[in-house]
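Residue numbers (our numbering): 1060 to 1355.
No residue lacks a Cβ here, since even glycine has one placed at the ideal position from N, Cα and C.
Structure first, commentary second.
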């Protein structure tokens, strides 16, 4: 009887997962049609499409939580390491290097351009650090509402940290598209690729902490919605003044570097799978480097 109940439950979860995939596919098609109706300026449209692709990657990553409740920790840590590698390569090849080139096109000498981008990186990292401190200062407000399982503040802080670092990812996509960078599409694709394990990790962490699978899926899927918003905003700001392009690229690079070093890499190594996490990082870095250079 128990076996039969498990089989029925498993079949139901599989149907939920398949239905969610179909819903996401339908929403993506509607979004594409809606973007065509908006008749945005090409650079803004490119930014919104890139941000939407990243949000879709996050949502797709959350789907498996409807079928599986836990993922082997070694696999989870490997995926986190992979995401860290993708973000590091994207920061270097899609943000910092183009930022220096954009500064030089504005008349900066190589030394001045590198110094200006370094200042922007530090400023972006410091800004995100202040935001992180503000969020971490009030963990008592991060509990779920009465009637639902109590999720530990540490779990919510980790989830919010991943959601918060989607903001600089959206900024990176928007600045790159708004500035007409040739590798803007590969940057968006790379970020969308590393957003897949992030959506899965958020959903699995919440499900493992006692939240229902459906609710964990919805939170994981929704965690990427900040990316198209900030992509469009930053593309609009960059389009107003060409001089903002190198600064915007540097700010996004600094924020992403802080997230990778302060959140993603430590979390991937926290459970004793350092070698797998490092291997995932190397694979992710090389994959994104190829996408940024050979395929750009």
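Local Cβ density within 10 Å of residue i, reported as buried at 16 or more and exposed below that
i	result
residue 1168	exposed
residue 1344	buried
residue 1131	exposed
residue 1066	Here residue 1066 scores only 44 on pLDDT, less than 50, and its place in the model should not be relied on; the value that follows carries that caveat. By the 10 Å Cβ count, residue 1066 comes out exposed.
residue 1272	buried
residue 1164	exposed
residue 1185	exposed
residue 1162	buried
residue 1353	exposed
residue 1302	exposed
residue 1255	buried
residue 1228	buried
residue 1333	exposed
residue 1192	exposed
residue 1172	buried
residue 1116	buried
residue 1199	Legend: pLDDT at residue 1199 = 46, less than 50; position of this residue unreliable, value from coordinates given subsequently. Residue 1199 comes out exposed.
residue 1103	buried
Closest by C-alpha distance to residue i, when choosing among the options
i	options	result
residue 1111	1346, 1314 and 1290	1290
residue 1251	1347, 1125 and 1152	1347
residue 1101	1353, 1294 and 1149	1294
residue 1321	1188, 1333, 1247 and 1264	1188
residue 1284	1330, 1314, 1256 and 1226	1226
residue 1299	1323, 1178 and 1233	1233
residue 1105	1313, 1246 and 1157	1246
residue 1107	1342, 1193, 1324 and 1288	1288
residue 1134	1147, 1351, 1330 and 1350	1330
residue 1177	1349, 1305, 1338 and 1319	1305
residue 1180	1154, 1136, 1278 and 1127	1154
residue 1349	1277, 1152 and 1118	1152
residue 1324	1175, 1257 and 1277	1257
Test: residue i CB closer than 7 Å to a CB of chain C
i	result
residue 1116	This model lacks chain C altogether, as it is built from one protein chain only.
Beta-carbon gap between residue i and residue j smaller than 7 Å
i	j	result
residue 1120	residue 1336	no
residue 1007	residue 1114	Since the first and last residues shown for the chain are 1060 and 1355, residue 1007 lies out of range.
residue 1340	residue 1143	yes
residue 1311	residue 1240	no
residue 1150	residue 1316	yes
residue 1262	residue 1124	yes
residue 1275	residue 1183	no
residue 1146	residue 1264	no
residue 1242	residue 1351	yes
residue 1297	residue 1238	yes
residue 1236	residue 1109	yes
residue 1222	residue 1282	yes
Opening and closing residue of the alpha helix (DSSP H) in which residue i lies
i	result
residue 1105	1101–1121
residue 1289	1285–1299
residue 1155	Here residue 1155 belongs to no alpha helix (DSSP H), and DSSP marks it neither H nor E.
residue 1127	Neither: residue 1127 is in no alpha helix (DSSP H) and is coded neither H nor E.
residue 1165	Taken as a continuous stretch (DSSP letters only), residue 1165 belongs to no alpha helix (DSSP H), as it is neither H nor E.
residue 1313	1303–1318
residue 1328	Note, residue 1328: premise wrong, no alpha helix (DSSP H); not H, not E.
residue 1136	1132–1149
residue 1279	1272–1281
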